[in-house]
Amino acid sequence: MSLILGISAFYHDSAAALIRDGKIIAAAQEERFSRVKHDSRYPKNAIKYVLMEGKTDLNGVDRVVFFEKPFLKFERLLETYLAFAPRGFKSFSMSMPIWLREKLFQKKFLFDKLNEQDQNFVDIEKIKFSEHHYSHAASAFFPSPFKEAVVLTLDGVGEWATTTVALGKDNNLEMIKEIYFPHSLGLLYSAFTYYTGFKVNSGEYKVMGLAPYGVPKYKDLILNKLINLKEDGTFKLNMDYFDYATGLTMTNKKFSELFGQPVRNPENDKLTQFHMDIAASIQSVTEEIVLKLTRSLAEEYKIKNLCLAGGVALNCVANGKILKEKIFENIWIQPAAGDAGGSLGAALAYWYHELKKPRNILQDQMNGSYLGPKFKEDEINKSLKNLNANFNKLKYEELIKITAKNLAESKTVGWFQGRMEFGPRALGGRSILADPRSEKMQKELNLKIKFRESFRPFAPSILREDLKNWFDLDCDSPYMLLVSNVIKEKQINMSDNDKKLFGIDKLNIKRSSIPAITHVDYSARIQTVHKETNPRYYDLIEEFKKITKCPVLVNTSFNVRGEPIVCSIEDAFNCFMGTNLDILVIEDHILFKDQQDKSLIKDYKSKFELD
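Pasting the structure below:
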């Protein structure tokens, strides 16, 4: 029996994953335990959890594999600063002490941390290193259901690479093409995230959500001035406009002058049509690059399967377009596509690539991405009593019926069931649920429960067998990583007057029979729900369908703006009492807001920083 612990840490989204004989046992992000969004520190709590799930300790692990090679990253920083000298001296002088103190001697640094966590861990030779993009590619190919696939990884930057292509076959995964720093699609998108006033490495999905409210009028300007895009999708950025290689910001003065406005200050500057048009433009450029890349890869390798990983693979709009254009027959996207998934990829890479173990099971190995903690009944009872919560325990059938009935009456529900999800999406384990037929629900959920911008879209969860009756899609999308349109029959056409409205004012126009999940361009980020991976969630939606004839629920993550998704019973109760959620369901326990002690209501809105 072989146990391999994978770790990603020290940049953003630290995480740990454990595999036993190649089988994924557990995986989780540190932020869920520490309650610090995108926590980048050594993932002590995540490691503790995955080891507990594997019924072992650190000393019982055969290998600890870190997701990237720090020395290569150091080399990249050094060469970059030299290439841009003297312009990069300020950031060079700020980052070098940290590199010399911690990151360059990562093996010793990591060993000390592991030893501090478990004094019995004394063998430094158990620590191995994978490469950043190889970890991503491994996380995408090895758990996929494909015997053979093209594996495309797109993100900000690993050690040197920003875009890589690998070919996977059986237990072999070989890197064949790379685009190197500073030329990066991820960093280009992040530059526009920064420019529109959102936080880099967390606000990119806001830019994607804002894009449909705008017109891509700056697309040609981006393609003419900022990026040299070839027919095969390869590209080079014009570094005259960016500051991320050497400075302390993403863009420079020349970038702002090109578009005619300064960087938006999120505290003081409102979002305007200009920012929506900028978002639409960079989204359109991203889609064009991704489509050109995938088209040329499909043509060159004649392989019908595509696997995707890296932060850009979370751009579900671009993913949906690859599928719609039938560039590849099948697509599989790693649900923890960002750096957190690198922990899992590092462990799998060691098992298959280094140990040359056979890969026999050709089905999705991610277990619906439900790889986090689950709570037993006695733990739930004890926690709820300690929190002075008023709750009832119901029989399963009754619980499903009562919850579905309340959802059909426009009540909002915190749904805490089974194992927590790995990756940035809540998939019916730690979700906030609502009725998609309600016209007010999107605005209400955003402003009163999530405490965030009103334009942010919500995702539908739909029974897999009902998918093509509601959406222009007919393939599994269990990880909410594909966007498709609501079918024409369910759409409501906008009037000429509606079309003339200012971007965000279009939010209040009913665009389909399920308006709460229909984005302004009639699209939705779809999660298909399968009885095999999440029977409880499936049964709830099925019951909701019996009542309403609608097999769809609004599904958003169980948290507020700036807070990591809830992990523990206490997290769930605090979020429930700090927001306008009506009901909380934890396994077979149900809590109604109007039955709770009013003194337990929390001021939750200001607890977490703006994300």
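The sequence shown begins at 433 in the numbering used here and counts up one residue at a time. Virtual Cβ for every residue (Gly too), placed ideally from N, Cα, C. Keep in mind that this is a model prediction, so the values were computed, not measured.
(1) Which residues does DSSP list as the beta-bridge partners of W764?
(2) Do the CB positions of G665 and S728 come within less than 7 Å of each other?
(3) Leaving out the 5 sequence neighbours to the left and right, which residues in its chain are closer than 8 Å to F630 when beta-carbon positions are compared?
(4) L703: which of K814, V632, Y645 and K789 sits nearest, CA to CA?
(5) Could you tell me the alpha carbon to alpha carbon distance between G692 and S434, rounded to whole angstroms?
(6) So N838 is in the alpha helix (DSSP H); what residue range does that whole segment cover?
(7) In whole angstroms, what separates the C-alpha of L658 from that of E689?
(8) To which residues of the same chain is L865 closer than 7 Å at the C-beta, ignoring the five residues directly before and after it?
(9) Quick check: the segment 602–614 against the segment 758–767, are there 3 or more CB pairs under 8 Å?
(10) Residues in the same chain with beta-carbon distance under 6 Å from D471, minus the five sequence neighbours each way, listed in chain order, please.
(11) Is the Cβ-Cβ distance between E720 and K753 less than 7 Å?
(12) The beta strand (DSSP E) with T681 in it runs from where to where?
(13) In angstroms with no decimal places, state the Cα-to-Cα distance between P694 and Y627.
(14) In the DSSP output, what is Q797 paired with across the bridge?
(15) Can you name, in chain order, every residue of its own chain whose Cβ lies under 6 Å from the Cβ of G438, other than the five neighbours on each side?
(16) Expressed to the nearest angstrom, what Euclidean distance is found between the alpha-carbon atoms of L490 and D1026?
(17) Roughly how many whole angstroms lie between the Cα atoms of R508 and E830?
(18) Using the C-alpha atoms, what's the distance from F613 back to D587?
(19) Threshold first: 4 residues or longer. Then list the alpha helix (DSSP H) segments lying entirely within the segment 602–681, N to C.
(20) In chain order, what residues of the same chain lie with their CB nearer than 6 Å to the CB of T681, ignoring the 5 residues before and after it?
(21) Measure the CB-CB distance between F499 and S567 and report whether it falls below 7 Å.
(22) Candidates F706, G861 and R957: which alpha carbon is nearest L905's?
(23) Taking the alpha-carbon positions, what's the L746 to P805 distance?
(24) Mind checking who S440 pairs with in its DSSP beta bridge?
(25) Could you check where the beta strand (DSSP E) with K560 kicks off and where it finishes?
(26) Indicate the three-state DSSP secondary structure (helix, strand or coil) for S434 in the structure shown.
(27) Is it buried or exposed for Q538, if we count other Cβ within 10 angstroms and need 16 for buried?
(28) Give the range of the alpha helix (DSSP H) segment to which I973 is assigned.
(29) Considering only residues of the segment 991–1038, which uninterrupted beta strand (DSSP E) runs meet the minimum length of 3 residues and lie entirely inside it, listed in chain order?
(30) Less than 7 Å separating the beta-carbons of Y443 and D771?
(31) Please classify N402 as buried or exposed, where buried requires at least 16 neighbouring CB atoms within 10 angstroms.
(32) Would you identify the three-state DSSP class for V961, choosing helix, strand or coil?
(33) Going by DSSP, what residue range makes up the beta strand (DSSP E) through S688?
(34) Can you check whether the CB of I832 is closer than 7 Å to the CB of D701?
(35) Using only CA atoms, which one of I735, K734, I714 and A730 lies nearest to V744?
(36) Using the three-state DSSP reduction, which class does Q461 fall into: helix, strand or coil?
A quick look at the data gives this:
(1) As a working note, residue 764 is residue 332 in the sequence shown. DSSP output for W764 lists C739 as bridge partner(s).
(2) Against the sequence shown, residue 665 aligns to sequence position 233. Against the sequence shown, residue 728 aligns to sequence position 296. Going by C-beta atoms, G665 is nearer than 7 Å to S728.
(3) Mapped onto the sequence shown, residue 630 falls at position 198. Closer than 8 Å at the Cβ level, and outside the excluded window around F630, lie E636, K638, V639 and P698.
(4) One-based indexing of the sequence shown puts residue 703 at position 271. Cα-wise, what sits closest to L703 is Y645.
(5) To locate residue 692, count along the sequence shown from 1; it is residue 260. To locate residue 434, count along the sequence shown from 1; it is residue 2. Computed Cα separation, rounded: 58 Å.
(6) Taking the first residue of the sequence shown as position 1, residue 838 is located at position 406. Run containing N838: Y828 to A840, per the alpha helix (DSSP H) assignment.
(7) Mapped onto the sequence shown, residue 658 falls at position 226. Mapped onto the sequence shown, residue 689 falls at position 257. Roughly 13 Å separates the two Cα atoms.
(8) Sequence index remark: in the sequence shown, residue 865 carries index 433 (1-based). The answer, listed in chain order, is L839, V845, W847, L985, V986 and N987.
(9) no
(10) Looking up residue 471 in the sequence shown gives position 39. Same-chain partners within the cutoff: S446, E462 and E463.
(11) The count along the sequence shown starts at 1 and reaches residue 720 at position 288. The count along the sequence shown starts at 1 and reaches residue 753 at position 321. Their beta carbons are not under 7 Å apart, which means E720 does not touch K753 by this criterion.
(12) Residue mapping note: residue 681 aligns to position 249 of the sequence shown, counting from 1. For T681, there is no enclosing beta strand (DSSP E), as DSSP marks it with neither H nor E.
(13) Within the sequence shown, the letter at position 262 stands for residue 694. Within the sequence shown, the letter at position 195 stands for residue 627. Distance between the alpha carbons of P694 and Y627 is about 8 Å.
(14) Counting from 1 along the sequence shown, the entry for residue 797 is found at position 365. When beta bridges are read from the DSSP output, Q797 appears opposite no residue.
(15) Here the question's residue 438 lines up with position 6 in the sequence shown. Excluding residues within five positions, the ones whose Cβ falls inside 6 Å are A449, V497, S775, L776, A778 and A779.
(16) Position 58 of the sequence shown, counted from the first residue, corresponds to residue 490. Position 594 of the sequence shown, counted from the first residue, corresponds to residue 1026. So the alpha carbons of these two residues sit roughly 45 Å apart.
(17) Here residue 508 corresponds to residue number 76 of the sequence shown, with the count starting at 1. Here residue 830 corresponds to residue number 398 of the sequence shown, with the count starting at 1. Note that R508 has pLDDT 49, beneath the 50 cutoff, so the model's placement of it is unreliable and no number is given.
(18) Here residue 587 refers to the residue found at position 155 when the sequence shown is read from its first residue. Here residue 613 refers to the residue found at position 181 when the sequence shown is read from its first residue. Going from the Cα of D587 to the Cα of F613 covers about 11 Å.
(19) 617–627 and 636–642
(20) Translated into positions along the sequence shown, residue 681 becomes position 249. Excluding positions up to five away in sequence, the list reads D675.
(21) Locating residue 499 in the sequence shown gives position 67, where the first residue counts as 1. Locating residue 567 in the sequence shown gives position 135, where the first residue counts as 1. Taking 7 Å as the Cβ cut-off, F499 and S567 qualify as a contacting pair.
(22) By one-based count along the sequence shown, residue 905 stands at place 473. Answer by Cα proximity: R957.
(23) Start at 1 with the first residue of the sequence shown, and residue 746 comes out as number 314. Start at 1 with the first residue of the sequence shown, and residue 805 comes out as number 373. If I take the Cα positions, the gap works out to 23 Å.
(24) The residue you call residue 440 lines up with position 8 of the sequence shown. In DSSP, S440 forms a bridge with A447.
(25) Here residue 560 corresponds to residue number 128 of the sequence shown, with the count starting at 1. Here the beta strand (DSSP E) through K560 covers I559 to F561.
(26) Residue 434 sits at position 2 when you count from the first residue of the sequence shown. Coil, per DSSP.
(27) To locate residue 538, count along the sequence shown from 1; it is residue 106. Under this definition Q538 is a buried residue.
(28) One-based indexing of the sequence shown puts residue 973 at position 541. That run of the alpha helix (DSSP H) goes P967 to T980.
(29) 1015–1018 and 1021–1024
(30) By one-based count along the sequence shown, residue 443 stands at place 11. By one-based count along the sequence shown, residue 771 stands at place 339. Yes, the pair counts as a contact, with Cβ atoms nearer than the cut-off.
(31) There is simply no residue 402 to check, as the chain begins at 433 and stops at 1043 in what is shown.
(32) Taking the first residue of the sequence shown as position 1, residue 961 is located at position 529. In the structure shown, V961 sits in a strand (DSSP, three-state: E or B).
(33) Against the sequence shown, residue 688 aligns to sequence position 256. No beta strand (DSSP E) holds S688; the alpha helix (DSSP H) holding it covers K685 to F691.
(34) Residue numbering aside, residue 701 sits at position 269 when the sequence shown is read from its first letter. Residue numbering aside, residue 832 sits at position 400 when the sequence shown is read from its first letter. It is not a contact, given that the beta carbons lie outside the stated cut-off.
(35) Here residue 744 is taken as the residue at index 312 of the sequence shown, counted from 1. Per the Cα distances, I714.
(36) Your numbering for residue 461 matches position 29 in the sequence shown. Strand.
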